[in-house]
Amino acid sequence: MESIIAYWMRWPSVEVFLTNNTWAWPLCEILHFIGLILLFGAVGSFDLRLLGIAKGLPLRLLDRLVPWGVCGFVLCVVTGTIFVTGIVANVGTHPYVVLKTNVWLQLKLIFILLAGLNLLAFHLTGMARVVRMLQPGDDAPPLARFIGGTSLALWIGVVYFGRLIPWAL
Amino acid sequence: MDYLALLQDNAFITWVRESESLLGYTLYLAFHTIGMVFLVGPNLLIAARVLGLAPGLPIKPMRPLGRIMNVGLWITVITGSVLFATAPVGYVHNVVFIVKIAAIVLALIFLRAALHQLFDPSIDADAQPVPVKTKRLMTATLVLWLIAVVAGRLTAYSGVVVIASLGAFLIFMTVVAAVACLARLGMRRKRLVPSIDQRATFQIDIQAAAVKGGK
Numbered sequence: 022m023e024s025i026i027a028y029w030m031r032w033p034s035v036e037v038f039l040t041n042n043t044w045a046w047p048l049c050e051i052l053h054f055i056g057l058i059l060l061f062g063a064v065g066s067f068d069l070r071l072l073g074i075a076k077g078l079p080l081r082l083l084d085r086l087v088p089w090g091v092c093g094f095v096l097c098v099v100t101g102t103i104f105v106t107g108i109v110a111n112v113g114t115h116p117y118v119v120l121k122t123n124v125w126l127q128l129k130l131i132f133i134l135l136a137g138l139n140l141l142a143f144h145l146t147g148m149a150r151v152v153r154m155l156q157p158g159d160d161a162p163p164l165a166r167f168i169g170g171t172s173l174a175l176w177i178g179v180v181y182f183g184r185l186i187p188w189a190l
Numbered sequence: 012m013d014y015l016a017l018l019q020d021n022a023f024i025t026w027v028r029e030s031e032s033l034l035g036y037t038l039y040l041a042f043h044t045i046g047m048v049f050l051v052g053p054n055l056l057i058a059a060r061v062l063g064l065a066p067g068l069p070i071k072p073m074r075p076l077g078r079i080m081n082v083g084l085w086i087t088v089i090t091g092s093v094l095f096a097t098a099p100v101g102y103v104h105n106v107v108f109i110v111k112i113a114a115i116v117l118a119l120i121f122l123r124a125a126l127h128q129l130f131d132p133s134i135d136a137d138a139q140p141v142p143v144k145t146k147r148l149m150t151a152t153l154v155l156w157l158i159a160v161v162a163g164r165l166t167a168y169s170g171v172v173v174i175a176s177l178g179a180f181l182i183f184m185t186v187v188a189a190v191a192c193l194a195r196l197g198m199r200r201k202r203l204v205p206s207i208d209q210r211a212t213f214q215i216d217i218q219a220a221a222v223k224g225g226k
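The listed protein sequences derive, respectively, from chains G and B.
Everything in the first sequence is counted per the numbering used here, starting at 22 for the first residue and increasing by one.
Everything in the second sequence is counted per the numbering used here, starting at 12 for the first residue and increasing by one.
Right, here's the structure in full:
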């Protein structure tokens, strides 16, 4: 099983691409950051509104900006996958070894998973439907506020752990 | 440049640079990014409204986001100052870093001017279209943030890699802009030219009206 994961995680084509094109790694870094800003602009603002900041904004309309956040997340996932699968080109360590030994990468992935579960809880508990009906100035229900606060904290954690990953390579 | 060397050799800065503690260099680096997303993230939301991407959003209630952006700005400035102090001599000779700082300063000036116009208590921004000047200021702010982010990432690189990465980024952005323009044109055309079904309905309506008129 271990050897299958190790085989699947290392993409020689990505390594060759990154080795032959010195611009590819910095470009991915730039796009990773842009993705992060898009994610925070849309999802972070939605979370802040759930927490009661800028209460005059209708959540129904903020919800429409979430696709921008999804675009940002996709950009982060694609560039992040390039970083991991082609990491041999940068530091000479097998991605599976990095995944097994880099505690910050592990924590980042766990926090992304938790953020996903948190989003799932937002929909499964019916909070997504409830907050869409709120009028400007209305407070979000306590459960929605809790989910919004958790989401914000988890995404801050993702950024924090993400910045620490290179220091443990 | 003696004062820069003095700054670099300061006991606290030396500890930040050389310590492996989580309270050392990495803390400032991570919070520099966190500050940036809290500064630029809400700015994107306000820009989306100003530039017509989120037309229904009211402008006035966005004012509290300014406080969040202020917090993000202070986190970025404080952590950025500490990071700069860890290698000031290198940074002041780095053209990419100077471009980054210039872009940030200009972005803050334009952003301040745009927010001042939007949240002016004597004007009801929601009752009238956003002035062209405000739209221009907001567009300039977004472009400058983009330059700051790109330069910020490229500060760690030098020479040919910077130029090649910049070229690759410009090509990427051109492709994205072209796709966005084509998609917009396609949507506009779809709105202007009625589909075959719509045309068929239109003809049926005309025929029905003619029959009615004949009576």
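Glycine is no exception: its CB is placed at the ideal position from the N, C-alpha and C atoms.
>> Alpha carbons only, please: which of G:Ala-75, G:Trp-29, G:Leu-39 and G:Leu-141 is nearest the one belonging to G:Gly-113?
In response: G:Leu-39
> What span of residues does the alpha helix (DSSP H) with G:Asp-68 cover, start to end?
Replying inline: 66-71
> Which residue spans inside the region 124-163 of chain G form an unbroken alpha helix (DSSP H) run of at least 4?
Replying inline: 124-145 and 148-153
>> Buried or exposed, going by whether 16 or more other CB atoms sit within 10 Å of the CB of G:Lys-121?
In response: exposed
>> List, in chain order, every chain B residue whose beta-carbon is nearer than 8 Å to that of G:Arg-31.
In response: Within 8 Å Cβ-Cβ: nothing; G:Arg-31 doesn't reach chain B, min ~24 Å.
> Does the separation of the CB atoms of G:Thr-102 and G:His-53 fall below 7 Å?
Replying inline: no
> Of the choices B:Asp-135, B:Asp-20 and B:Thr-87, whose alpha-carbon is the least far from that of B:Leu-40?
Replying inline: B:Thr-87
> What residues from chain G crowd round B:Phe-183, counting only those whose CB sits closer than 8 Å?
Replying inline: Leu-48 and Leu-52
>> When you compare the CB of G:Val-180 with every CB in chain C, is at least one pair closer than 7 Å?
In response: No chain C is part of this structure, whose protein chains are labelled G and B.
> Taking all protein chains shown into account, do 16 or more other C-beta atoms lie within 10 angstroms of the C-beta of B:His-43, making it buried, or fewer, making it exposed?
Replying inline: buried
> Start and end of the alpha helix (DSSP H) containing B:Met-248?
Replying inline: Residue 248 of chain B lies beyond the range of chain B shown here (12 to 226); nothing can be said about it.
> Which whole-angstrom value describes the C-beta separation of B:Ala-125 and B:Leu-148, a residue pair presumed to lie in contact below a C-beta threshold of 8 Å?
Replying inline: 4 Å
> Which of the three DSSP states, helix, strand or coil, is assigned to B:Val-141?
Replying inline: coil
> Under 7 Å between the Cβ atoms of B:Val-100 and B:Leu-15?
Replying inline: yes
> Are the C-beta atoms of G:Trp-125 and some chain B residue less than 7 Å apart?
Replying inline: no
> Can you tell which of G:Asn-42, G:Tyr-181 and G:Ser-24 has the C-alpha that lies nearest to the C-alpha of B:Ala-179?
Replying inline: G:Asn-42
>> With a threshold of 6 Å on Cβ separation, who are the neighbours of G:Ala-110 within its own chain once the five nearest residues in sequence on each side are excluded?
In response: Glu-36, Leu-39 and Thr-40
> If you compare alpha carbons, which of B:Arg-199, B:Lys-71, B:Gly-67 and B:Leu-34 is closest to B:Ser-133?
Replying inline: B:Lys-71
> So which residues on chain B does G:Gly-77 lean against when the C-beta distance must stay under 9 Å?
Replying inline: Pro-69, Lys-71, Pro-72, Met-73, Arg-74 and Pro-75
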